[in-house]
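Chains as they are written, first to last, in my numbering: chain A, 14 to 132; chain B, 84 to 188. For reference, the structure is listed below as structure tokens.
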Amino acid sequence: EVQLVESGGGLVQPGRSLKLSCVASGFTFSNYGMNWIRQAPGKGLEWVAYISSGSSYIYYAETVKGRFTISRDNAKNTLYLQMTSLRSEDTALYYCARRGWRWDVMDAWGQGASVTVSS
Amino acid sequence: IQLTQSPSLLSASVGDRVTLSCKGSQNINNYLAWYQQKLGEAPKLLIYNTNSLQTGIPSRFSGSGSGTDYTLTISSLQPEDVATYFCYQYNNGWTFGGGTKLELK
Numbered sequence: 014e015v016q017l018v019e020s021g022g023g024l025v026q027p028g029r030s031l032k033l034s035c036v037a038s039g040f041t042f043s044n045y046g047m048n049w050i051r052q053a054p055g056k057g058l059e060w061v062a063y064i065s066s067g068s069s070y071i072y073y074a075e076t077v078k079g080r081f082t083i084s085r086d087n088a089k090n091t092l093y094l095q096m097t098s099l100r101s102e103d104t105a106l107y108y109c110a111r112r113g114w115r116w117d118v119m120d121a122w123g124q125g126a127s128v129t130v131s132s
Numbered sequence: 084i085q086l087t088q089s090p091s092l093l094s095a096s097v098g099d100r101v102t103l104s105c106k107g108s109q110n111i112n113n114y115l116a117w118y119q120q121k122l123g124e125a126p127k128l129l130i131y132n133t134n135s136l137q138t139g140i141p142s143r144f145s146g147s148g149s150g151t152d153y154t155l156t157i158s159s160l161q162p163e164d165v166a167t168y169f170c171y172q173y174n175n176g177w178t179f180g181g182g183t184k185l186e187l188k
């Protein structure tokens, strides 16, 4: 069974940093691209970042470019999102999601890690 | 590419045929998917490439469309279909629509 489990969320002050992790199991993690998607409270979904299977290709949404860094450790089956210079508008539930094998869709999702940016 | 979903809220009865709309600001070239998100849960992939049903998804769900206009249809609404539905395009970048909340009448 494919499983994605996020951790590392919490309450953080504006301007501070936080690092999310996502541990994958039930599939060969090193073969798949991975994404972070976020959802502000009561709002829709926003794609945040993508990293290819071997970390060769990395893309960010304009709203987080220069502040967030996506990375992965295939030996540990773990995806990361380093978030710096956090703003109140970054408050959201952050999902990690697997890119489909053939098509550029997210075909498996974690349950999310909650990030609240507030003083 | 921006995606506009309509309606934002839809009330329907069990057994109804339900149609949800998603319109792109540019041609999406059929790289359009649909997700279902139930309250308190992660989104679930229903449809990809406009009309391909994801494994394990009931056949009452179907997708259609082309160009800028796409549709998700539920042929016979079931109580467990109450959820918010998001369209998602991957033709040019990656963007989600604002969602349609589907409730029972």
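Here a beta-carbon is modelled for each residue, glycine too, at the ideal position from N, C-alpha and C. Predicted model, so just to flag it, every value in this text is computed and none were measured.
Tell me which same chain residues have a C-beta within less than 6 Å of the C-beta of residue 24 of chain A, skipping the five on either side of it? 129
Just checking my contact of residue 151 of chain B with residue 107 of chain B at CB under 8 Å: how many whole Å lie between their CB atoms? 4 Å
Output the distance between the C-alpha atoms of residue 114 of chain B and residue 170 of chain B, rounded to the nearest integer angstrom. 10 Å
Looking at the structure shown, is residue 53 of chain A part of a helix, part of a strand, or coil, going by DSSP? coil
Could you check whether the Cβ of residue 77 of chain A sits closer than 9 Å to any Cβ belonging to chain B? no
Could you spell out the range, first to last residue, of the beta strand (DSSP E) harbouring residue 85 of chain A? 81-86
Short of 7 Å in beta carbon distance, which residues of its chain neighbour residue 121 of chain A, apart from the five on each side in sequence? Order them along the chain. 15, 17, 110 and 111
Here's a check: name, in chain order, each residue in its chain whose Cβ is nearer than 6 Å to the Cβ of residue 109 of chain B, leaving out the five neighbours to either side. 84
Are the segment 87-98 of chain B and the segment 25-42 of chain A touching by the rule of at least three beta carbon pairs closer than 8 Å? no
Element boundaries [beta strand (DSSP E), containing residue 160 of chain B]: Looking at the DSSP string, residue 160 of chain B is not in any beta strand (DSSP E), and its letter there is neither H nor E.
Buried versus exposed call for residue 71 of chain A [16 or more other C-beta atoms within 10 Å across all chains shown]: exposed
Within its chain, find whatever has a CB closer than 6 Å to the CB of residue 55 of chain A; leave out the 5 residues flanking it on each side and keep chain order. none
Taking C-beta pairs closer than 7 Å, name the residues in chain A that residue 181 of chain B reaches, listed in chain order. 57
Does residue 137 of chain B get closer than 9 Å to chain A when you measure Cβ to Cβ? yes
Would you tell me roughly how many angstroms separate the C-alpha atoms of residue 183 of chain B and residue 57 of chain A, rounded to the nearest one? 10 Å
Does any C-beta atom of chain B lie closer than 9 Å to the C-beta of residue 49 of chain A? no
DSSP-derived helix/strand/coil call for residue 101 of chain A: helix
Excluding the 5 residues preceding and the 5 following residue 188 of chain B in the sequence, name in chain order all residues of the same chain whose CB lies nearer than 7 Å to its CB. 94, 95 and 96
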